[in-house]
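Numbering (this note's numbering), first residue to last: 7 to 444. By construction, the Cβ of each residue, glycine as well, lies at the ideal position given by its N, Cα and C atoms. These numbers were taken from a predicted model, which means no experiment stands behind them. Scroll down for the structure; my scribbles are underneath it.
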């Protein structure tokens with residue numbers, strides 16, 4: 007009976023090592039750090055183990071190996087002989103009963119070791135790895151200290167074998183965009199954040215990956231004021247514009263010299279004062295089109311005028327960017343600003359999508375679940391199509407990509423205006439708009 011209790015205790019101890027191994031390795035550093043800040047006991051020890059996974063795994067292997075050796079020795083001597091005697095009493099010859107008894111004992115101990123000592127603890131560890139890691143980490147830290155010589159030998163041997171095959175030392179794992187998006191989706195499913203929060207977080211992540219080119223109002227769509235126009239025309243421009251700030255140029259949109267505050271000019275006009283446009287032009291920051299969106303946001307935050315003039319590498323004016331453009335990239339377009347514009351994406355009843363050519367390509371990839379190359383020289387869906395087909399498409403021209411068929415259904419001059427995205431091998435049918443993304 008004592009031998010049975012010892013074997014059972016060894017199997018349970020093996021389960022503790024298996025539980026510790028999977029719980030610590032599966033734990034996220036960010037969660038462990040947060041738990042440590044909240045005062046969870048064992049969180050600091052778990053982070054210590056996770057910082058040296060090679061030494062930790064070596065310690066676990068030392069413990070499991072020692073348990074296996076002891077278990078085999080005790081169970082074989084204690085139960086193998088008794089099992090053989092029992093089979094011999096049933097009438098089996100001695101030459102068969104003894105090895106069969108030992109084999110039965112080995113099979114039973116192996117079954118208990120696999121189920122109780124491995125599978126059950128590992129499945130338990132996956133349910134809440136961080137909390138379990140905090141609970142078992144202090145014990146594993148002390149065991150690693152006791153078994154330090156063996157742990158050092160195994161860890162050093164493992165590293166030498168990796169070096170022999172030209173493998174670099176392990177690096178601290180970093181959270182990728184995909185893992186972060188999966189965490190956010192998991193948090194939304196669990197009710198920790200609501201869908202609106204998830205959409206804003208996704209918008210912030212997209213903003214961080216964009217350059218100014220992906221946010222600007224292009225030169226062809228910029229409302230500007232011509233300082234060389236007559237006084238009557240300038241006054242009419244002030245009265246009819248919807249914008250509080252207008253880029254100012256002399257005769258040509260390519261010669262932008264600054265920004266005019268239309269509200270101040272209207273106040274001067276109502277007060278009967280001379281407008282004197284040239285002296286009222288304010289200097290606006292000039293940014294390259296390759297500047298990141300976050301750098302541009304910092305620049306606009308400190309600028310006297312909340313508008314930047316975007317130029318390409320040759321000094322040509324390409325468009326404007328404002329804080330409102332940054333905000334819309336995060337939360338979507340405002341109705342007041344987009345009343346005359348169609349939504350960027352409209353889901354139809356058959357699962358297809360009607361997409362705007364000006365739709366940011368990263369948003370398009372998120373809607374259609376497409377993979378985009380990390381290095382690309384386009385910012386919109388129209389740019390993506392042009393990059394793939396390498397010519398100006400005609401209406402009805404199609405592009406197959408990753409399970410979708412992108413069909414150009416409308417052109418505005420030379421600009422791709424509307425694209426219909428349909429899943430391949432699915433019959434398209436007419437339907438009313440179902441869901442719209444602004």
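Best match in the options for proximity to residue i [C-alpha to C-alpha]
| i | options | result |
| --- | --- | --- |
| residue 39 | 23, 57, 236 | 57 |
| residue 301 | 221, 68, 76 | 221 |
| residue 208 | 51, 272, 371 | 371 |
| residue 47 | 133, 129, 140 | 140 |
| residue 146 | 377, 30, 190, 273 | 30 |
| residue 131 | 33, 322, 256, 206 | 33 |
| residue 238 | 283, 80, 118 | 283 |
| residue 227 | 235, 252, 22 | 252 |
| residue 286 | 225, 259, 233 | 233 |
| residue 206 | 60, 61, 190, 242 | 190 |
| residue 127 | 187, 21, 303, 192 | 21 |
| residue 158 | 218, 73, 62 | 62 |
| residue 35 | 59, 18, 23 | 59 |
| residue 134 | 28, 184, 298, 394 | 28 |
N-terminal and C-terminal residue of the alpha helix (DSSP H) that residue i is part of
| i | result |
| --- | --- |
| residue 312 | Careful: residue 312 lies outside any alpha helix (DSSP H) and carries neither H nor E. |
| residue 128 | 126-133 |
| residue 323 | Careful: residue 323 lies outside any alpha helix (DSSP H), inside the beta strand (DSSP E) at 323-327. |
| residue 288 | It is not in any alpha helix (DSSP H) - residue 288 carries neither H nor E in the DSSP assignment. |
| residue 155 | 154-170 |
| residue 402 | It is not in any alpha helix (DSSP H) - residue 402 carries neither H nor E in the DSSP assignment. |
| residue 280 | No alpha helix (DSSP H) holds residue 280; DSSP gives it neither H nor E. |
| residue 261 | First-last for residue 261: undefined, no H or E at that position. |
| residue 52 | 49-57 |
| residue 215 | 201-215 |
| residue 273 | 268-276 |
| residue 372 | 367-374 |
| residue 41 | 35-43 |
Endpoints, beta strand (DSSP E) assigned at residue i
| i | result |
| --- | --- |
| residue 362 | 359-362 |
| residue 222 | Careful: residue 222 lies outside any beta strand (DSSP E) and carries neither H nor E. |
| residue 294 | 292-294 |
| residue 422 | 421-429 |
| residue 382 | Segment: none, residue 382 is in no beta strand (DSSP E) and carries neither H nor E. |
| residue 235 | No beta strand (DSSP E) holds residue 235; DSSP gives it neither H nor E. |
| residue 254 | 251-255 |
| residue 353 | 351-354 |
| residue 410 | 410-418 |
C-alpha distance - residue i paired with residue j, whole-angstrom precision
| i | j | result |
| --- | --- | --- |
| residue 426 | residue 25 | 51 Å |
| residue 305 | residue 388 | 28 Å |
| residue 296 | residue 204 | 28 Å |
| residue 37 | residue 137 | 10 Å |
| residue 364 | residue 423 | 7 Å |
| residue 113 | residue 162 | 35 Å |
| residue 396 | residue 420 | 14 Å |
| residue 11 | residue 116 | 16 Å |
| residue 165 | residue 194 | 41 Å |
| residue 42 | residue 51 | 9 Å |
| residue 150 | residue 123 | 20 Å |
| residue 267 | residue 254 | 10 Å |
| residue 125 | residue 411 | 46 Å |
| residue 433 | residue 336 | At residue 433 the pLDDT is 42, less than 50, meaning the model places this residue with poor confidence; the figure from the coordinates comes in the next sentence. Each residue's Cα considered, the two are about 34 Å apart. |
| residue 317 | residue 381 | 21 Å |
| residue 73 | residue 49 | 27 Å |
| residue 353 | residue 359 | 5 Å |
| residue 218 | residue 273 | 33 Å |
| residue 398 | residue 383 | 17 Å |
| residue 260 | residue 355 | 44 Å |
| residue 415 | residue 223 | 23 Å |
| residue 155 | residue 186 | 39 Å |
| residue 71 | residue 119 | 12 Å |
| residue 192 | residue 45 | 25 Å |
| residue 230 | residue 264 | 10 Å |
| residue 436 | residue 328 | For residue 436, the predicted model reports a pLDDT of 36, less than 50, meaning its position is unreliable and no value from the coordinates is stated. |
| residue 2 | residue 148 | An answer regarding residue 2 cannot be provided, because it is not within the stretch 7 to 444 covered by the chain. |
| residue 390 | residue 320 | 23 Å |
| residue 349 | residue 369 | 13 Å |
| residue 80 | residue 379 | 59 Å |
Expected contact under 8 Å - CB spacing of residue i and residue j to nearest Å
| i | j | result |
| --- | --- | --- |
| residue 16 | residue 77 | 5 Å |
| residue 357 | residue 429 | 6 Å |
| residue 386 | residue 373 | Not a contact, Cβ separation roughly 14 Å. |
| residue 262 | residue 315 | 5 Å |
| residue 55 | residue 153 | About 14 Å; that fails the 8 Å criterion. |
| residue 361 | residue 377 | No, residue 361 and residue 377 are not in contact; Cβ-Cβ is about 17 Å, not under 8 Å. |
| residue 413 | residue 402 | 7 Å |
| residue 323 | residue 225 | 6 Å |
heavy atom of the ligand PLP below 7 Å from residue i C-beta
| i | result |
| --- | --- |
| residue 294 | In terms of ligand content, the structure shown is empty, and the ligand PLP therefore cannot be addressed. |
Check your understanding: Are the stretch 276-293 and the stretch 308-316 in contact at 8 Å, needing three or more beta carbon pairs?
Key -> The stretch 276-293 and the stretch 308-316 touch, with no fewer than 3 CB-CB distances between them shorter than 8 Å.
Check your understanding: Is there contact here, the stretch 204-218 with the stretch 326-335, by at least three beta-carbon pairs under 8 Å?
Key -> Contact holds: three or more Cβ-Cβ distances are below 8 Å.
Review point. Between the stretch 185-201 and the stretch 272-291, do at least 3 Cβ pairs fall closer than 8 Å?
Key: Result no; under three Cβ-Cβ pairs closer than 8 Å.
Review point. Using 8 Å as the threshold, is the stretch 67-81 in touch with the stretch 161-172, meaning 3 or more CB pairs across them?
Key: Touching, no.
Check your understanding: Can you find at least 3 beta carbon pairs, one from the stretch 243-254 and one from the stretch 400-407, that sit closer than 8 Å?
Key -> By the C-beta criterion, the stretch 243-254 is judged not to be in contact with the stretch 400-407, since fewer than 3 inter-stretch pairs fall below 8 Å.
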